[in-house]
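Taken in order, these protein sequences are the chains called A and B.
The first sequence finishes on residue 233 if you use my numbering, and the numbering steps up by one all the way, no holes.
The second sequence finishes on residue 426 if you use my numbering, and the numbering steps up by one all the way, no holes.
Right, one structure below, let's go through it.
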Amino acid sequence: MKMDWSYPVHKSAEVERTSGTAPVAMRRALSREEALRSIAGQDPRPLLVLRECSVCNKTDDALLKGGSENDRTLVLARWFNCVKLPLDVVDPTHPFNALFPNDESEHLFLALADGSSKIPLESDGSRTELWTGMSRVLELAYEKNPAPAYADVLKRFTKIDILDAKIIEEEAKKGLEMESLRPDRKKVDDVERKIADVRAQIDAEKAAVEKLMTLAPRPPAVAKPSVPAKAAR
Amino acid sequence: MDTSTQGGRTRLALLRIRMSRIVAVAVAVVVVLVESSFALQGSNDSKDETFELVDPYTTNQRTSLERAGYVGFGPFPLWDGVRTSDVEEAIGRKLLWVETAHFKLGTTLETYKSAKGDPREEKRSKEELKRLEPKFAKFKPTAGKVDPWLRLHLYAQRLEEQHTEFVKTFSLTPEDFATENEKVPFDAPRGQGPYLGQVRKAVVLLLEKQSHFGRVNTRWFTPVDHQSARLRMPGGGMLLITCAETLVKWGYEQDAALHSVVAADVVYNFVDGLRDHGYWSPLWFKTGLAHIASRKVDEKLAIYAFRSVRQHDTDAWKWEPRVLGLVANDYVPKWAEMAAFTSWDQLTGPGHMVAWSRVTWLLGQRGMDLKSWLFGITEPFHDLKGDARARALRAREVEVTVQVFAKNFAEMDAAWRRWVQDTYKR
Chain A
1 MKMDWSYPVH KSAEVERTSG TAPVAMRRAL SREEALRSIA GQDPRPLLVL
51 RECSVCNKTD DALLKGGSEN DRTLVLARWF NCVKLPLDVV DPTHPFNALF
101 PNDESEHLFL ALADGSSKIP LESDGSRTEL WTGMSRVLEL AYEKNPAPAY
151 ADVLKRFTKI DILDAKIIEE EAKKGLEMES LRPDRKKVDD VERKIADVRA
201 QIDAEKAAVE KLMTLAPRPP AVAKPSVPAK AAR
Chain B
1 MDTSTQGGRT RLALLRIRMS RIVAVAVAVV VVLVESSFAL QGSNDSKDET
51 FELVDPYTTN QRTSLERAGY VGFGPFPLWD GVRTSDVEEA IGRKLLWVET
101 AHFKLGTTLE TYKSAKGDPR EEKRSKEELK RLEPKFAKFK PTAGKVDPWL
151 RLHLYAQRLE EQHTEFVKTF SLTPEDFATE NEKVPFDAPR GQGPYLGQVR
201 KAVVLLLEKQ SHFGRVNTRW FTPVDHQSAR LRMPGGGMLL ITCAETLVKW
251 GYEQDAALHS VVAADVVYNF VDGLRDHGYW SPLWFKTGLA HIASRKVDEK
301 LAIYAFRSVR QHDTDAWKWE PRVLGLVAND YVPKWAEMAA FTSWDQLTGP
351 GHMVAWSRVT WLLGQRGMDL KSWLFGITEP FHDLKGDARA RALRAREVEV
401 TVQVFAKNFA EMDAAWRRWV QDTYKR
C-alpha cells in the first residue's frame, strides 16, 4: 500500500495548437472555485491537497512520518482524492495559486470535493490532528464514516501482502524444480495447485477490501462551513 | 505496503515492504545490489537541484554542439502542439534538453553520486566517459559525481549508441524509409518519415520525481502507476517517459538500473514504432530484444524480467544454466505458443528467459535476412483493426519465419533447443 497521488495540471482551453510554433496562452491564476473544480475533476471523494516544499520534496514525509501509525494514514487516505501540487504553486501566476497563495500558506489541507469544510494542516502537526481532521471530513463526505473500518481494511491488506509473498515463494520453488537436473513433476504440479489456491484467496481478499472501500457519498447539502486554521492545529 | 519514504520504517511496514509483490522482488534484487553499490539516484538534498543554464561541456557554442553531434539544446517542438516549454510549465521546473540525430531528450535528473568501491560501476563509467570525451573540447568530469549536464550527455550517447546498434543488427538503411517531407500514403510500406519510418524523432523524458512523471502523463496522456510510459505521440513518433524516483523506491538506486530500464524501453519503442505500425509486434520478440539491451547494461539488472528473480538466490541472473534446465526438462513454451502471447501475464519468469534466449539465438543466425524478418513481423496492416489485424500479423509471422529461416515454428523450436543444449553450460 502506498499513497496514490494525482498530479493535476490545468489545461488552458483557449489555445489548441496543432504545430509547435503557434502562440501560447499566458499562464494565469484561476479563482479558488475554478482551481478546486480543476483539481477535483469528476472525482467525488473529499480532497487531501498537498503542496510540495523544499523540505518534504521527493518524499511523502508531510504525511508519513515513520512508524506503524503510517498504516492508519495510508488507509484513511484511500477514501480521499490525494492531490500533490508543485513547488511553484505559490507563484502568483500558477493556475492553482489560489489554493496556496504564498510561502506562508498551510502545507496541506483537507476538504470536501467542492472545497468546503476545509481543514488546513501543517506537516509538523501531530498524527492525532491529522487523523481527527481526516475522520471529520470523511464523516461529512460519506453516508457512513469509513474511518472505523480502517482496522479491518488494514488486516486484509496485510493478508494480501502475505499471500503475495507466498506466491513469490511458491513460484521460486516451482522454478527451481523446473530447472533442476531431476525435476519432480508431481512436486511441480502440487506447487501449481498451491499457487492457484493462493491466487483465489487474494482475489477474495481484494473483493472484500473493495467492498469495504466503496461507500456512498453524502449529498452535498450536508457540507459544513470551513474550520478555522488555528482550530485545526 | 510501500512506505518507502525517508521517515522511519516500522517492523510492520518493513514486513509489508518485504512482502508486497513488487517490493519483494526489489528486495530480492537488493541482495545483488548490496554486493555492487550503495550509490544513489540523484542527490540526497531534498531541494530541487538548480541546473546550470549553460552547459559546461559545450558552453552552448555552435562548433562544440556540432562536434558533439547535437542539433541543439532547445527550445524545440516535441509532438503535435507541444513544445519543450509546455513540458516545463506542466512539471513546474526547468528541464535540460538536447536534440541529437535521432532523439529529442529532456531530463530533470539531478546529480548522481556513485559510491567508491563498486568495480562494475567504475568500469562501466570509465568506458562510457572514454567514449564521450572526444565529443568535447573541454572534458574534465568530477570523479564519482555525474552532474545533470553530464547525465544528459551520457544518456544522449547511450540512446544514439542503441539506435546505431539496432540499425546495424537489422541492416537498416535510409532507403528503407520515407525521406524527410516526402509525401507518402498513410499505409506506405516505407512508413511516413526518415526516423525508422516515422515523421518525428523519438522523444525521451527522463524524470527525477514521480510528480514530474505524473504531471506529464496527466497533462497529455493517461496517469499510470508505473515507472515508465511508452506512447505513440500525437502526430507520430514514439515517446518514452521514465521516472527515477519510482525505481529508487523499488530499491534500485544505481544509475545503471535507470539505464537498463531506458535501454529496454527504447528497444520496445524502436520495434513498436517501426514504420508507425503501432504496438502490434510480437510480445516475445520485442521483450527478448529488450532484455538483451537491458542485460548489456548490466546482466543483473533485467528489471522487466522481475518474475525471473528469486529471493536469496544471488545467481538467479545467470540465465543460461536456468534456460538449459528448462529445456532439458521440457518446461518451456513451444515456439508457436510463445508467438501467440499477447499479455505480460503469459510471460512467466521462465517465459522471459526463454524469450531472451530465443531472440539471442535468432540474431546469431549467420547470413539470415533479419531485416525482412523484422519488417515482416511489424507489417503495419493499417487497413485492419483489432482481432483481424492480430490474426493477419500472426499469419505474417508464420510466413516470414519460413521465408527468412526456411523453418516452420516447430523446426525453429527444435533448432533453438539444440543450440541451447550445445551452447549453455550448467
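Every residue gets a Cβ at the ideal spot worked out from N, C-alpha and C, and that includes glycine.
- About 5 Å separates the beta carbons of residue 140 of chain A and residue 117 of chain A, which is inside the 8 Å limit, making them a contact pair.
- At a cut-off of 7 Å between beta-carbon atoms, residue 300 of chain B makes no contact with chain A.
- Taking a contact as a CB-CB distance under 8 Å, the pair residue 78 of chain B and residue 203 of chain B counts as one, their CB atoms being some 5 Å apart.
- The beta carbon of residue 142 of chain A sits no closer than 7 Å to any beta carbon of chain B.
- Under the three-state reduction of DSSP output, residue 184 of chain B falls in the coil class, being neither helix nor strand.
- Between the C-alpha atoms of residue 132 of chain B and residue 153 of chain B there is a straight-line separation of about 8 Å.
- Cβ-Cβ separation between residue 32 of chain A and residue 93 of chain A: approximately 15 Å, too far for a contact (criterion under 8 Å).
- Under the three-pair Cβ rule at 8 Å, the region 76–90 of chain A counts as touching the region 39–56 of chain A.
- The distance from the Cβ of residue 308 of chain B to that of residue 278 of chain B is about 28 Å, inconsistent with a contact at the 8 Å cut-off.
- Look at residue 42 of chain A here: in three-state DSSP terms it is coil, with no helix or strand label.
- Note: residue 217 of chain A is bridge-paired with A:142 in the DSSP secondary-structure output.
- Apart from the 5 residues on each side of it in sequence, residue 157 of chain A sits with its Cβ closer than 8 Å to the Cβ of 1, 75, 209 in its chain, given in chain order.
- Think of a sphere of 7 Å around the beta carbon of residue 52 of chain A: the chain B residues whose beta carbon falls inside it are 211, in chain order.
- In the DSSP assignment, residue 269 of chain B falls within the unbroken alpha helix (DSSP H) covering 255–273.
- Selection A:125, A:36, A:154, A:123 evaluated against residue 97 of chain A yields A:36 as nearest (Cα-Cα).
- Counting only residues of its own chain and dropping the five nearest sequence neighbours on each side, residue 133 of chain A has a CB closer than 7 Å to the CB of 110, 119, 121, 232.
- Per DSSP, residue 108 of chain A is one residue of the beta strand (DSSP E) stretching across 108–111.
- Along the length of the region 327–402 of chain B, whole alpha helix (DSSP H) runs at least 4 residues long occupy 335–339, 349–363, 370–377, reported in chain order.
- Here the alpha carbons of residue 291 of chain B and residue 363 of chain B stand approximately 13 Å from one another.
- When the beta-carbon positions are compared, residue 81 of chain B and residue 99 of chain B stay at least 7 Å from each other.
- As the crow flies, the alpha-carbon of residue 214 of chain B is around 9 Å from that of residue 91 of chain B.
- Taking C-beta atoms as the reference points, residue 149 of chain A and residue 135 of chain A fail to come closer than 7 Å.
- Comparing alpha-carbon positions, the option among A:206, A:188, A:162, A:4 lying closest to residue 82 of chain A turns out to be A:4.
- Secondary structure at residue 157 of chain B: helix, using DSSP grouped into helix, strand and coil.
- Residues of the same chain with a CB within less than 7 Å of the CB of residue 220 of chain B, apart from the 5 flanking positions on each side, are 82 in chain order.
- Take residue 412 of chain B, set aside five residues on each side of it, and the residues of its chain with a beta-carbon closer than 7 Å to its own are 335, 401, 405, in chain order.
- Here the region 230–247 of chain B lies against the region 258–275 of chain B, with 3 or more beta-carbon pairs under 8 Å apart.
- Distances from the alpha-carbon of residue 94 of chain B to those of B:124, B:317, B:107, B:263 put B:107 closest.
- For residue 408 of chain B, the three-state secondary structure derived from DSSP is coil.
- For residue 284 of chain B, the uninterrupted alpha helix (DSSP H) segment begins and ends at 283–297.
- Secondary structure at residue 195 of chain B: strand, using DSSP grouped into helix, strand and coil.
- The continuous beta strand (DSSP E) containing residue 242 of chain B extends over residues 238–243.
- Within the region 86–117 of chain A, the residues whose Cβ lies closer than 7 Å to any Cβ of chain B are, in chain order, 86, 87, 88.
- The continuous stretches of alpha helix (DSSP H) do not include residue 119 of chain A, which lies in the beta strand (DSSP E) extending over residues 119–121.
- Nearest CB-CB separation between residue 326 of chain B and chain A: below the 7 Å threshold.
- In the structure shown, residue 149 of chain B falls within a helical segment according to DSSP collapsed to helix, strand and coil.
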